[in-house]
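In order, the protein sequence lines correspond to chains V and F. Going by our numbering, the residue at position 69 of the first sequence is 215; the numbering climbs one at a time, nothing skipped. Going by our numbering, the residue at position 142 of the second sequence is 197; the numbering climbs one at a time, nothing skipped. Ideal Cβ positions, reconstructed from N, Cα and C, are used throughout, including at glycine. Some notes on the structure that comes next.
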Amino acid sequence: MARPYKKEHANTEIGSEEIDIGLLDILFPFLLPIKGINFIAKKLHDTAEEELTDASKIQGELLELQMRYEMDEITEEEYDKKEKKLLERLEAIRKYKEKNKKN
Amino acid sequence: MEKGKYIYCIVGANKGKKDLLNNKYEFRKKYTSPGIGGRNDEVYSVFYRDIAAIISSSPDISYSISRKNLICHQKVLEESMEDYTVLPVRFDTVAVSKNEVYIEERIKEEVLKDRYEELKDLLVKMDNKVELGIKASWVDMKMIFQEIVEENKDIKRLRKKLFSKSIDKPYGEKAILGEMVMYALKKKKFKEEKKILDFLNGNYVDKRINKGFGDKMITNLSFLVEKSKIEEFDRLVDKLSTVYKGRIKFKYMGSTPPINFIELVIFLKE
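Now the structure itself:
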């Protein structure tokens, strides 16, 4: 039985929405500060050191990126570009850890 | 120099297919998919009795979860699935030893022979089953958030209150509203997910609810389905897609080996 590996349905819209409308954009079309709070909280959490060594976080981002691509939310070109950046960061972490191991 | 073997999966004879028990030649099937890593390594099998490990040569490195690597890994699994029952091994499993021939013997001894009973048991469980995946996401988020506001009196009230005041009010209430909406969104996703699951109920052996992302994605599901039920499952997903047209977008993937149901972890002894 021939069955496509990736099956798309009739109501599948490709690239219909370039911009992901978020919850906050709709609730607070002009109240930006709440985004600011999230951002600051996030910044406090992600210290530079953590970001530089947290490989699992980047792997999570890679998987999310793949899902977005599968759901046609980003184009192959965008995917490749972002994947390249994330892979470079992973490589930097690997080198950083290797260096630390030696020291 | 250390030599390694990348291990893709463990395979066994498929019921209803040709009996492979004593047919070593069949088990030495040549793969058309190249090995992972872009070095054009040959993919082949190492067997013990009626089970085999599907492997290719590899240096002692770690493979990142890039799409290229994942597709490469998956292709070998899918090719294996054509003839055998497949038990996927965790992505990025490289067995390393000082000698390439020796490593094959070790995989045979320490994995296939030592874990034979466990592997046979899993092969029986996975026999004649495939994995099918459904990802569902809302098409129009504006509509969904409007629904949330309409369905929740407290959210509606607080939102009205906030909008009637000037912008420079304390953030506290805005943050509370944000949290309330997030909670309502989660509940809404859960409800829609349940509807999808209820609709498919009875047509799968097992299911996994996988991690999703963002506001739009409702659910990310994997189903273990009997081969004989695939057509019925297809029909039901088509129906789902029709019923929710304009509201929910479905991505239907399959058939794949049961990667979300089995993930063999393999370690060789030190």
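Spatial distance of residue i from residue j (CA atoms)
{"i": "residue 221 of chain V", "j": "residue 230 of chain V", "result": "14 Å"}
{"i": "residue 96 of chain F", "j": "residue 84 of chain F", "result": "15 Å"}
{"i": "residue 292 of chain F", "j": "residue 313 of chain F", "result": "19 Å"}
{"i": "residue 120 of chain F", "j": "residue 215 of chain F", "result": "46 Å"}
{"i": "residue 166 of chain F", "j": "residue 246 of chain F", "result": "43 Å"}
{"i": "residue 64 of chain F", "j": "residue 210 of chain F", "result": "50 Å"}
{"i": "residue 235 of chain F", "j": "residue 285 of chain F", "result": "40 Å"}
{"i": "residue 304 of chain F", "j": "residue 59 of chain F", "result": "43 Å"}
{"i": "residue 100 of chain F", "j": "residue 229 of chain F", "result": "60 Å"}
{"i": "residue 172 of chain V", "j": "residue 200 of chain F", "result": "Note that residue 172 of chain V scores a pLDDT of 49, beneath 50, so its modelled location is shaky; the value from the coordinates is reported in the next line. One C-alpha to the other measures close to 7 Å."}
{"i": "residue 66 of chain F", "j": "residue 274 of chain F", "result": "31 Å"}
{"i": "residue 184 of chain F", "j": "residue 283 of chain F", "result": "9 Å"}
{"i": "residue 227 of chain F", "j": "residue 240 of chain F", "result": "20 Å"}
{"i": "residue 209 of chain V", "j": "residue 324 of chain F", "result": "31 Å"}
{"i": "residue 189 of chain F", "j": "residue 238 of chain F", "result": "23 Å"}
{"i": "residue 122 of chain F", "j": "residue 212 of chain V", "result": "7 Å"}
{"i": "residue 104 of chain F", "j": "residue 296 of chain F", "result": "45 Å"}
{"i": "residue 150 of chain F", "j": "residue 86 of chain F", "result": "20 Å"}
{"i": "residue 240 of chain V", "j": "residue 117 of chain F", "result": "10 Å"}
{"i": "residue 219 of chain V", "j": "residue 243 of chain F", "result": "22 Å"}
{"i": "residue 193 of chain F", "j": "residue 271 of chain F", "result": "5 Å"}
{"i": "residue 124 of chain F", "j": "residue 232 of chain F", "result": "43 Å"}
{"i": "residue 278 of chain F", "j": "residue 289 of chain F", "result": "12 Å"}
{"i": "residue 259 of chain F", "j": "residue 253 of chain F", "result": "11 Å"}
{"i": "residue 233 of chain V", "j": "residue 147 of chain F", "result": "15 Å"}
{"i": "residue 299 of chain F", "j": "residue 256 of chain F", "result": "18 Å"}
{"i": "residue 174 of chain F", "j": "residue 201 of chain V", "result": "32 Å"}
{"i": "residue 91 of chain F", "j": "residue 315 of chain F", "result": "20 Å"}
{"i": "residue 142 of chain F", "j": "residue 136 of chain F", "result": "9 Å"}
{"i": "residue 170 of chain F", "j": "residue 113 of chain F", "result": "23 Å"}
{"i": "residue 94 of chain F", "j": "residue 294 of chain F", "result": "44 Å"}
Where residue i falls: helix, strand or coil (DSSP)
{"i": "residue 299 of chain F", "result": "coil"}
{"i": "residue 273 of chain F", "result": "strand"}
{"i": "residue 320 of chain F", "result": "coil"}
{"i": "residue 130 of chain F", "result": "helix"}
{"i": "residue 281 of chain F", "result": "strand"}
{"i": "residue 86 of chain F", "result": "coil"}
{"i": "residue 259 of chain F", "result": "coil"}
{"i": "residue 103 of chain F", "result": "strand"}
{"i": "residue 239 of chain V", "result": "helix"}
{"i": "residue 194 of chain F", "result": "coil"}
{"i": "residue 124 of chain F", "result": "helix"}
{"i": "residue 170 of chain F", "result": "coil"}
{"i": "residue 135 of chain F", "result": "helix"}
{"i": "residue 217 of chain V", "result": "coil"}
{"i": "residue 116 of chain F", "result": "coil"}
{"i": "residue 226 of chain V", "result": "helix"}
{"i": "residue 293 of chain F", "result": "helix"}
{"i": "residue 92 of chain F", "result": "coil"}
{"i": "residue 253 of chain F", "result": "helix"}
{"i": "residue 209 of chain F", "result": "helix"}
{"i": "residue 315 of chain F", "result": "coil"}
{"i": "residue 176 of chain F", "result": "helix"}
Chain-ordered neighbours of residue i on chain F, where CB pairs are closer than 7 Å
{"i": "residue 210 of chain V", "result": "268"}
Residues that DSSP places opposite residue i in a beta bridge
{"i": "residue 189 of chain F", "result": "F:276, F:307"}
{"i": "residue 58 of chain F", "result": "F:152"}
{"i": "residue 64 of chain F", "result": "F:109, F:143"}
{"i": "residue 98 of chain F", "result": "F:111"}
{"i": "residue 264 of chain F", "result": "F:276"}
{"i": "residue 184 of chain F", "result": "F:281"}
Chain-ordered neighbours of residue i on chain V, where CB pairs are closer than 7 Å
{"i": "residue 283 of chain F", "result": "Under the 7 Å cutoff, chain V gives no residues; its nearest Cβ is about 11 Å from residue 283 of chain F."}
{"i": "residue 122 of chain F", "result": "212, 229"}
{"i": "residue 119 of chain F", "result": "233, 236"}
Beta-carbon neighbours of residue i, restricted to chain F and to distances below 9 Å
{"i": "residue 216 of chain V", "result": "190, 306, 308"}
Residue-level contact to chain A via CB, residue i, 8 Å cutoff
{"i": "residue 181 of chain F", "result": "No chain A is part of this structure, whose protein chains are labelled V and F."}
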